[in-house]
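For what it's worth, this note's numbering labels the leading residue of the first sequence as 560, then goes sequentially.
Backbone N, C-alpha and C fix where the C-beta goes; we use that ideal spot for every residue, glycine too.
Note that the coordinates shown come from a computational prediction; the quantities given were computed from them, not determined experimentally.
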Amino acid sequence: MPELPDVELLRRYLDGQALRQRIERVHVGDARILADLSAPQFAAKLEGRAFEASRRHGKHLLVRLTGDGWLTLHFGMTGDLAYFENVADDPPYDRVRFDFAKGGHLAYLNRRMLGRVGLADDAEAFIVAEQLGPDALDPAFDIASFESALDGRRRDVKALLMDQSLMAGIGNLYADEILFQARLHPRARTDRLDRAQRRRLFEQIKEVLETAIACGAGAEQLLERLPDGYLLPERQAGGHCPRCGTALATLKSGGRTSYFCPRCQPDPQR
DNA sequence: CGTTATGTTCGATG
DNA sequence: GCATCGAACATAAC
């Protein structure tokens with residue numbers, strides 16, 4: 560679930576449910592998710608405090624704590640948040656649970672355990688330490704900074720979009736959608752894109768991510784809500800291009816599958 | 001049993 | 001240094 564649009568929706572969910580409530584107790588269901596911290600260390604930092612505000616950078620959710628410091632959440636492939644009133648409703652794969660004094664609970668869920676929950680003193684320092692590039696939706700990430708990310712690199716365009724150190728937030732699914740909308744083959748090389756192609760790509764990064772947020776990324780109804788002409792609802796075995804009806808093609812690299820339309824996104828003859 | 005999955009990292013290799 | 005590839009991590013679904 561968690562690429563930039565999904566994490567943005569999770570951020571809003573957390574804001575709507577869990578801000579400004581005293582955290583009475585922290586329950587760590589599986590300490591492996593905490594990386595280098597011990598469960599007692601982690602709990603001690605949070606108990607008695609509250610979530611004050613949140614921000615997102617790429618796929619990371621950062622939650623400011625009363626007093627000082629931040630809770631950091633990364634969701635891997637299967638991470639999610641759930642707020643509920645009764646502990647009996649605690650969903651499966653609850654790895655960390657915050658019990659609020661008012662009675663509600665916020666759980667960080669993660670089936671595959673590929674994410675991370677941690678603490679940071681400073682949000683900016685955390686972003687630097689994680690070697691994250693600019694958030695893909697940050698207005699400061701403009702066409703000029705996009706050009707400089709491309710500058711001097713000769714890579715497959717899809718690999719570039721997903722490189723979190725160049726721009727943060729895009730994963731395998733939304734990279735496919737962005738490339739489809741920009742009509743670029745996943746293996747098109749960045750050093751061979753002309754000016755118009757680069758501009759189209761940049762515009763679709765913004766457009767696709769904003770559209771996914773507006774349509775409620777992460778919700779089950781996302782695929783129905785996306786505009787006509789979006790690839791994601793067809794992005795599966797047997798899917799067809801929403802624009803021309805051609806059977807979608809797939810290719811694999813780095814263990815990930817790309818879906819694309821061989822007609823609308825022709826192979827640039829690498 | 002084999003394959004696949006919205007992520008990231010590490011080692012090997014060119 | 002740059003880029004790619006496969007494997008690993010961990011878990012479940014098909």
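- Ranking Ala-679, Glu-736, Phe-819 and Ile-729 by CA distance to the CA of Gly-617 puts Ile-729 first.
- In the three-state reduction of the DSSP assignment, Tyr-652 falls in the coil class.
- For Ser-812, the enclosing beta strand (DSSP E) covers residues 808-812.
- Counted as a single uninterrupted DSSP element, the alpha helix (DSSP H) harbouring Ile-702 occupies residues 702-709.
- In this structure Leu-678 touches Leu-630 by the C-beta definition: roughly 6 Å separates them, less than 8 Å.
- The distance from the Cβ of Cys-774 to that of Arg-784 is about 4 Å, consistent with a contact at the 8 Å cut-off.
- The Cβ-Cβ distance between Ala-747 and Pro-825 does not fall below 7 Å.
- Contact between the stretch 784-800 and the stretch 727-743 is present: three or more C-beta pairs spanning the two stretches fall below 8 Å.
- In the DSSP assignment, Ile-737 falls within the unbroken alpha helix (DSSP H) covering 731-741.
- Counted as a single uninterrupted DSSP element, the beta strand (DSSP E) harbouring Val-676 occupies residues 675-679.
- For Lys-661, the number of other beta carbons within 10 angstroms of its own is below 16, and it is reported as exposed.
- Here the alpha carbon of Pro-698 sits roughly 16 Å from the alpha carbon of Ile-772.
- The continuous beta strand (DSSP E) containing Phe-610 extends over residues 610-616.
- Scanning Glu-766, Cys-820, Pro-801 and Phe-700 for the CA closest to the CA of Thr-809 turns up Cys-820.
- Taking C-beta atoms as the reference points, Val-676 and Leu-632 count as a pair closer than 7 Å.
- Asp-681 is positioned such that its CB atom lies no closer than 7 Å to that of Arg-713.
- Here the C-alpha atom of Glu-762 lies approximately 16 Å from the C-alpha atom of Met-721.
- Taking every protein chain shown into account, the CB of His-799 has fewer than 16 other CB atoms within 10 angstroms, so this residue is exposed.
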